[in-house]
Amino acid sequence: MGAPPTNPPGRLAGLGTALAGALCVALLVGLADAGRAWLELRELPPQARTENTPLGWGQFLPSAAAAVALYALHLAPLAAGLALAAGRRGGFLGTWLVASLSAAALAFWWTREGLYSGLPISDPRRLALLAGLGLAALLVCWPLARLLTRPGRARWVAILGLAVALAGAWHARAEGLRVAARGALNERNRELPNVLFVVVDALRADRLGCYGNGLGASPTLDRLAEEGVLFEDARVQAPYTWTSFGSWFTGKYPRRHGLLKMAPGVALEPSFTLPQLFKSAQRTDGVQLAAEDSAAGAFMTGALSHGSGFSQGFDSYVEVMMGHPRVDLDSGWSILRARLTLPSMLFKLDARRDPDALVRRANAFLRENRSRRFFAFVHLYSTHTPYDPPEPFRSRFVDPEYRGPIRRFDADIRRVIERGEFSPSPEDVRQIEDLYMGGVAQADHQIGLLLSELEALGLREETLVVITSDHGEDLGESGRYEHNHMYRSNLHVPLLLSWPAGQARLGIAAGRRVSEMVQSIDLLPTLADLAGLLPPPAAGPRDLIDGHSLVPVMQGRAGAPHAFAFAEDSTHVAIDDGRFMLVLDRYAVAPDGWRIALEEGLGTVRLHDLEQDPLQRRDLFERAHRSDPPDLDLRTAIAGDLLRLRAALLAWDAQMPIGVEAVVQSDRDLESEANRRALAGDGEAQRQTLVRLGYLEEQDRGSYSGDLRQRVLESRAAGSAPR
């Protein structure tokens, strides 16, 4: 007898049926997923869109066809493999399983924001949800697979799917060829530096060796400080991400750039941003830069999103938390593809498998642009909650003998502490800090990977490296955790600048330490000055740059560029002269609110002596005005500083184009206030326990922002307190 046929007719028929079924499924899934992504894009605020965002039918349909091609490319081989493995019934089984897998994946991804949002995929609840969706998909897709595998029934659908996929593949290739190659060296940009701007979210300066910490978590940053310039007293303009980034990127105070809240649909107003500086600024010799003079890429891990308006000036971006792989903003297909389920899931799985996935992509961008001028922004997240560092960073800092309940620290634990439902022991507090330090070491390692890539490419000398943070972090100080607290622990951040070639040319010594107080608004004018560029002209109050160049300070030719540092969140405004820090409720800034706050003891008014009390455990205003009895001698002693700071605050406030009371409280502020009310009411016993343990200050029993606001509005309505 002869050898059996290698490909029995039944198996070949099953293979053909499975491929036809996969094309049908790809057509259905690709169009459905593209439609959902299109609806998401249409909901973006205008500031988060570009001219290539596929909003119209003419832009959307070719990209939808490319989505069909993408799914066909992945589903067809899977269906073929299943068919060959299953034999005679392979056509039906391949189609059924591919359809079921696709349906379950889409349902799981589409519902991720509404069902168990924020939980990792390994959480039992999410695994149970995935199993349930998979079972439901198997049941629902059984009749669909039978329909698609009956002879002749799906032939025309498969042919249509193939035609759409081929057209989509052609469109995707054409879009890829059309993506602009920017940054080629020319006479305009040849003398400019490349820029690597790294922000480590929630990184405290005092946890780095170059700022005096002896735990050895930051050898890369310590070495960078020896090569460049370290700013000992750098302040941010807000104690949370979006608003702080707005000031880093625009050189403006929050009530000038307008990004005052982190919420869906809220976005940075059109502004001149750091990456645009190297695309459209004018050189000091009068030469005008052009858009093609710099390739700008953003690589973002956490809550910062292009949807908040930060895509202005960037040519491409990556968003790990959002599940968006690299997006080329010159390509409508690339914009849509990043929101499709399949690329997003594969990207998230890769990021979960490899903690350095974002840095790998940033390094690929550096290699891609090695012979061009580039601006690379990298947003790292390992020091942000949840504190859960991977090995080997975890075992370097976490005590193996710890037996308490905290294996990782996240916002849920912070909430139960704020509500008084859990009082962390000293061992728990140490565990939280140890977990955080593991994140510091991880961030230092990732920055080392970026710098090593620059060195390997021969680009280190000509690249200006900036390392900083958007805000600090509380690790149990007076019972505070995470951030969004108007204290120096949240507003003081590390700031390192290193550009070997430029420092030598400008006479800036390596290892220079600047003790003068600087602010995040100073970065844009500083980079402009270092690169020999002019800051953008101002057409109106919203266009003014509030910061100053730090080059004279780095050269030792000038003192502090500001007499005061200002910061805001959605509830408070703060002024700091380096010695004293005054924090006021927004409704206590205006004269009538100030009078009511003083006379009726409402709202937040805090005064801290940062020199005598760097941890801000003592509120001088509380002792002088609201204690029982008040300290009259202290009241007299602080009166001059209080009036001086308030006068400077009023003068600054008058320059802001957005009113101080126009800002709406964030959900986080409302949550924190509700927790404090619970502690002061039904939770008084728990609050007293926290006070006794040193996690809360006694004055935290205080009054609340909402009370002051309500009283001010009532007074104005009655006409008894003119503003």
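Each residue of the sequence shown is one higher than the one before, starting from 1 at the first, in this note's numbering.
Don't be surprised by glycine CBs; every beta carbon is placed ideally from N, CA and C.
Note that the structure is predicted; figures quoted are calculated from it, not measured.
Collapsed DSSP secondary structure at residue i in the structure displayed
| i | result |
| --- | --- |
| Arg711 | helix |
| Met581 | strand |
| Ser425 | coil |
| Arg687 | Residue confidence is low: Arg687 scores 46 on pLDDT, short of 50, so the model does not pin down where it sits. Its coordinate-derived value is still stated next. Helix, per DSSP. |
| Leu457 | coil |
| Leu533 | strand |
| Tyr436 | helix |
| Ala20 | helix |
| Thr571 | coil |
| Pro630 | coil |
| His445 | helix |
| Trp38 | helix |
| Pro325 | strand |
| Leu340 | coil |
| His483 | coil |
| His727 | Since the first residue shown for the chain is 1 and the last is 723, residue 727 is missing from the structure and cannot be characterised. |
| Pro8 | Model confidence at Pro8 stands at a pLDDT of 48, short of 50, so the residue's coordinates are unreliable; what they give is reported in the following sentence. Residue state, collapsed to three classes: coil. |
| Val157 | helix |
| Gly719 | coil |
| Ser311 | coil |
| Asn363 | helix |
| His471 | coil |
| Phe272 | coil |
| Met345 | helix |
| Arg178 | helix |
| Asp546 | coil |
Bridge partners - residue i, DSSP secondary structure assignment
| i | result |
| --- | --- |
| Phe751 | Outside the modelled stretch of the chain, which goes from 1 to 723, sits residue 751, for which no answer is possible. |
| Ala558 | According to DSSP, Ala558 bridges with nothing at all. |
| Arg373 | Answer is none; Arg373 lacks a bridge partner. |
| Ser498 | Val465 |
| Gly493 | A quick correction: the sequence has Val, not Gly, at residue 493. Ala234. |
| His726 | In the structure as shown, the chain begins at 1 and stops at 723. Residue 726 is therefore absent and cannot be evaluated. |
Contacting residues, own chain, Cβ-Cβ under 8 angstroms from residue i (five flanking each side not counted)
| i | result |
| --- | --- |
| Asp609 | Arg579, Phe580, Arg618, Leu620 |
| Asp399 | Arg430, Gln431, Asp434 |
| Asp123 | Tyr116 |
| Asp285 | Gly532 |
CA-to-CA distance, residue j to residue i, given in whole angstroms
| i | j | result |
| --- | --- | --- |
| Leu44 | His306 | 10 angstroms |
| Arg190 | Leu495 | 27 angstroms |
| Glu40 | Gly404 | 43 angstroms |
| Ala281 | Asp410 | 42 angstroms |
| Pro254 | Ala238 | 8 angstroms |
| Asp577 | Glu516 | 11 angstroms |
| Ser627 | Ser425 | 29 angstroms |
| Asp726 | Ile417 | The displayed coordinates of the chain run from 1 to 723. Any statement about residue 726 would go beyond what the structure contains. |
| Ile638 | Ser382 | 41 angstroms |
| Arg126 | Ala76 | 28 angstroms |
| Thr604 | Asp613 | 19 angstroms |
| Gln276 | Leu598 | 46 angstroms |
| Ser218 | Leu380 | 15 angstroms |
| Gly726 | Ala107 | Outside the shown range of the chain (1 to 723) lies residue 726, about which nothing can therefore be said. |
| Thr689 | Ser423 | Residue placement at Thr689 is flagged as unreliable, the pLDDT there being 46, under the threshold of 50; the coordinate-derived value follows with that caveat. Roughly 8 angstroms separates the two Cα atoms. |
| Val236 | Ala717 | 36 angstroms |
| Thr341 | Cys210 | 43 angstroms |
| Thr463 | Leu454 | 8 angstroms |
Contacts around residue i, its chain only, beta-carbon distance under 6 angstroms, and the 5 residues preceding and following it disregarded
| i | result |
| --- | --- |
| Ser498 | Leu224, Glu227, Gly228, Val465 |
| Ser334 | Val327, Asp328 |
| Pro500 | Glu461 |
| Tyr71 | Ala26, Val29, Gly30 |
| Met300 | Glu319, His379 |
| Leu582 | Ile575, Leu607, Leu645 |
| Thr50 | Leu329 |
From the options, residue whose alpha carbon lies closest to that of residue i
| i | options | result |
| --- | --- | --- |
| Ala202 | Leu642, Ala351, Cys141, Glu473 | Glu473 |
| Ser549 | Arg542, Leu534, Phe272, Leu147 | Leu534 |
| Ala364 | Arg353, Ala376, Leu645 | Ala376 |
| Ala267 | Ile121, Gln47, Leu19 | Gln47 |
| Glu714 | Tyr587, Gln555, Glu611 | Tyr587 |
| Ile545 | Gln446, Ile596, Gly246 | Gly246 |
| Phe374 | Leu192, Ser705, Ser271 | Leu192 |
| Ala563 | Ser316, Asp233, Gly183, Gly719 | Asp233 |
Cut-off 7 angstroms between Cβ atoms - residues of its own chain near residue i, not counting five sequence neighbours on either side
| i | result |
| --- | --- |
| Trp96 | Cys141, Trp142, Ala145 |
| Ala103 | Ala137, Val140, Cys141 |
| Arg396 | Gly438, Ala441 |
Proximity test, residue i beta-carbon vs the ligand MG heavy atom, cut-off 8 angstroms
| i | result |
| --- | --- |
| Phe197 | In the structure on display, the ligand MG does not appear, and there are no ligands present to speak of. |
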